[in-house]
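Positions 248 to 625 (my numbering) are the ones given, in order, by the sequence shown. Below is one structure, written out as structure tokens, with a few remarks after it.
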Amino acid sequence: MKNFYHRAWAEINLDVLKNNIEIIREYSGNRDIIAIVKANAYGHGDAECALAMNHIGVKHFAVSNLWEAQNLSSAGVEGDILLFGYCDIPLIFENLDKNYIFTVGSVPYARELSEAAVKAGLKVPVHIKFDTGMCRVGITTAEEADQILALPGLDCRAGYTHFSVADSLEKEDVEFTEKQYKKLADICHARKLPMHSQNSGGILFHKDFDGDFIRAGIVMYGHRPNTEYPLPDGIKSVFSMKAVISQIKTIKPGDTVSYGRTFKADHETRLALIPCGYADGFNRRLSGQWNVLIHGKPAPVCGRICMDQTLVDITDIPEAQIGDEVTVYSDETFGGSSVDHAADLIGTISYELLCCIGTRVPRIFIENGKEKDILRYI
């Protein structure tokens, strides 16, 4: 990748994304995929990723809110778009000409929506959300489901739930997930209502669960829902983040580096400044425990990662020069400088790190082995 992006950028490999989806399809018995592209496709670029998925036949998408759905529609994404989150009823009617499906997760909300639809002489396409144990959004009983299914203003197309520990193989967690699935399946099957329940953890670790759709999220982007367990063969990370060396300097023994003076040189040290910091998504908690890659060699972070810049030790990389490419997060599937490994180091999940990639980081999309497009937010 050329270095004229000046400071920091993310590379999004659409070829890898499409290959991951094909592997997931085969792994799940070729069931229809609802591709999760909320939160800007977990930081990857929602419209661009969804359009690439259209090219391999993905026709179902899910987002958090109306504005995310509108972004996909404006970009020309084909297929239906499920909104997981709450949507104000007047806004629903302003967008009924779109291919949106809305979530109803309570009887009062469903009734209010149905009444408005009947008055307008319309029907609103919905999926019913069931709370089967996460204690978040959704109804909890078959009786509530029957009340919603009887409402004349709603076109109830499916029921769904969300697993809370499907990514765990601990006995108690497996049993809990099975209980969640059974509760949904019993209600939906008895009413011949299509259903979906499997998130990434469910796809990987509960292949025997029935469902009309699977919901592929983090696994589609090449990351593990639980880093203790590997991904199916062939699934790779879609994402990497890179920068350039903007300055090089040599410091003396005893010199201290960055805020808080947390790094003190015990020998003459050659430092490289990279214009990438925590405002770009290079998480500050990685200070002092992360290696970037320069010429394929590890360069340890020295001192604290700053908002806009970071210093790394290149003493053992004598060939490093100003303008050289730096890999901040690699596209390795696990280990090394991967996002999953970074998340493990700081006690979080890859989802968070990916979603926190900043808006000033352009996304460079790779397709058919070459640069296809650049998405700049600012």
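Yeah, the Cβ is synthetic: ideal placement off N, Cα and C, and Gly gets one too.
As assigned by DSSP and simplified to three states, the class of Phe340: helix
What would DSSP say about Pro522, mapped onto helix, strand or coil? coil
Buried versus exposed call for Glu391 [16 or more other C-beta atoms within 10 Å across all chains shown]: Glu391 counts as buried, since at least 16 other C-beta atoms from the protein chains shown sit within 10 angstroms of its C-beta.
How far does the beta strand (DSSP E) with Glu258 in it extend, from its first residue to its last? Ala255 to Asn260
Asn615: beta carbon under 7 angstroms from a heavy atom of the ligand GTP? Absence of the ligand GTP from the depicted structure is noted, as is the absence of any ligand whatsoever, leaving it without description.
Start-to-end residues for the beta strand (DSSP E) that takes in Ala463: Phe460 to Ala463
Across which residues does DSSP place Ala405 in a beta bridge pair? Ala405 is bridged by DSSP to His374.
For Ile625, I'd like the list of residues in its chain whose CB is within less than 6 angstroms of its CB, leaving aside the five on either flank, ordered along the chain. The residues are Thr606 and Arg607.
Under the assumption that Ile324 contacts Ala294 (Cβ atoms under 8 angstroms), give the Cβ distance between them as a whole number of angstroms. Residue identity check: residue 324 is Val in the sequence provided, not Ile. Val324 to Ala294, Cβ: 6 angstroms. Contact.
C-alpha gap between Glu425 and Lys285, whole angstroms: 26 angstroms
CB Phe349 to CB Pro372, shorter than 8 angstroms? yes
Quick check: the Cα distance between Asn260 and Gly524, rounded to an integer number of angstroms? 23 angstroms
Please report how far the alpha carbon of Pro337 lies from the alpha carbon of Pro399, in whole angstroms. When only Cα atoms are considered, Pro337 and Pro399 end up about 18 angstroms apart.
Here's the rule: buried if 16 or more other CB atoms are within 10 angstroms of the residue's CB, otherwise exposed. What is His443? buried
Looking at the secondary structure, which residues open and close the beta strand (DSSP E) in which Arg551 lies? That residue, Arg551, is in no beta strand (DSSP E); it is neither H nor E in DSSP.
With DSSP as the reference, please indicate the residues paired to Asn538 in a beta bridge. Its beta-bridge partners are Pro547.
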